[in-house]
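Here the structure comes first, spelled out in structure tokens, and everything after it is commentary.
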DNA sequence: TTAATTGCAAACATTTTGCAGGTTC
DNA sequence: GAACCTGCAAAATGTTTGCAATTAA
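Residue numbers (the working numbering), protein chains in the order written: chain A, 247 to 380; chain B, 247 to 380.
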């Protein structure tokens, strides 16, 4: 992804571009993937970039709030950030702690139930937990 | 639920019955509900029972492992324990942090995708997040 | 008596926050 | 110069663990 694209994306999502945010976006949005905050930090460190832990957490939180990435909650011990924001579902490999996208047409969620009175749906998560076959 | 029932249930799930475990089971299994560890502790405290935090956490973990209750992971800040173990799905009220069961026939998940090679499905979680209508 | 459970406090891991210093418009 | 961002360290949160004392088979 080019920096010009990223800048457009940031503008569309009302995010002020800074060096650290662009760096984090380059890592996370470079491919369809699911990374935890720690994994993002690790990759930045590997790439020789120096960003503080607080900034990584705050930036990922900001990205999620602004709709640039999606949080995936499958494990009480850490949040994953998903670079794919179009609706789709996940396999969660409980042995490895990794996420895998499910092709949307493989899991037809034909109709959603009506939301309870006074509420509206703001997200649907489907997680199929899988383990190594015994 | 009667103590004799609970004892049978414990035996079926290979759980050694102790006073604290029965107490926790009475609270959690008394109705279809979704409680966090802290909520269980609160209820025990309200009922005048004294059980340590560690025992509550360890007991809930044990119940989940033995299949007596189900963990529901919807919020990175806490795990809920669901007294209903038959397959079903959830509304999660993001405003209140509470869970509500979805009637199974209202959400037809007709066919699951095949699990990735070498893996088998060990659980399916569907969470419909809802918020107060704006 | 031997194994298992409990309770307390301390440890843990992830995430958030307060605040001083720096950057951007 | 006003508003915002960054980074460090400290705090907060939910959960787990080590270990001595207790309880159960």
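Built from N, CA and C at the ideal position, the CB exists for glycine as well.
Cβ-Cβ separation, residue j to residue i (assumed contact under 8 Å), whole Å
| i | j | result |
| --- | --- | --- |
| residue 268/B | residue 314/B | Contact doesn't hold; Cβ gap of about 12 Å is too wide. |
| residue 348/B | residue 359/A | 5 Å |
| residue 277/B | residue 329/B | 7 Å |
| residue 377/B | residue 366/A | 6 Å |
Alpha-carbon to alpha-carbon, residue j and residue i
| i | j | result |
| --- | --- | --- |
| residue 260/A | residue 375/A | 35 Å |
| residue 263/B | residue 275/B | 15 Å |
| residue 251/B | residue 309/B | 16 Å |
| residue 257/B | residue 317/B | 21 Å |
| residue 297/B | residue 346/A | 40 Å |
| residue 361/B | residue 379/A | 10 Å |
| residue 326/A | residue 292/A | 19 Å |
| residue 253/A | residue 286/A | 20 Å |
| residue 223/A | residue 343/B | The structure shown has nothing for residue 223/A, since chain A only spans 247 to 380. |
| residue 324/B | residue 364/A | 25 Å |
| residue 319/A | residue 319/B | 7 Å |
| residue 247/B | residue 288/B | 20 Å |
| residue 279/B | residue 249/A | 49 Å |
CB contact below 9 Å: residue i versus chain A
| i | result |
| --- | --- |
| residue 324/B | yes |
| residue 285/B | no |
| residue 313/B | no |
| residue 296/B | no |
| residue 339/B | yes |
| residue 228/B | Summary: the structure shown does not reach residue 228/B, with chain B confined to residues 247 through 380, and so no result is reported for it. |
| residue 251/B | no |
| residue 369/B | yes |
| residue 375/B | yes |
| residue 372/B | yes |
| residue 269/B | no |
| residue 362/B | yes |
For residue i, the nearest candidate out of the options (CA to CA)
| i | options | result |
| --- | --- | --- |
| residue 357/A | 350/B, 257/B, 363/B | 350/B |
| residue 306/A | 266/A, 323/A, 343/A, 321/A | 266/A |
| residue 273/A | 295/A, 346/A, 257/A | 295/A |
| residue 281/B | 249/B, 247/B, 248/B, 321/B | 321/B |
Residue i at chain B interface by Cβ criterion, 9 Å
| i | result |
| --- | --- |
| residue 330/A | no |
| residue 379/A | yes |
| residue 359/A | yes |
| residue 321/A | yes |
| residue 278/A | no |
| residue 273/A | no |
| residue 261/A | no |
_Sufficient close CB pairs (3 or more, under 8 Å) joining the segment 339 to 352 of chain B to the segment 289 to 303 of chain B_ = no
*Could you tell me whether the segment 367 to 380 of chain A touches the segment 323 to 336 of chain A, using the rule of 3 or more Cβ pairs below 8 Å?*
yes
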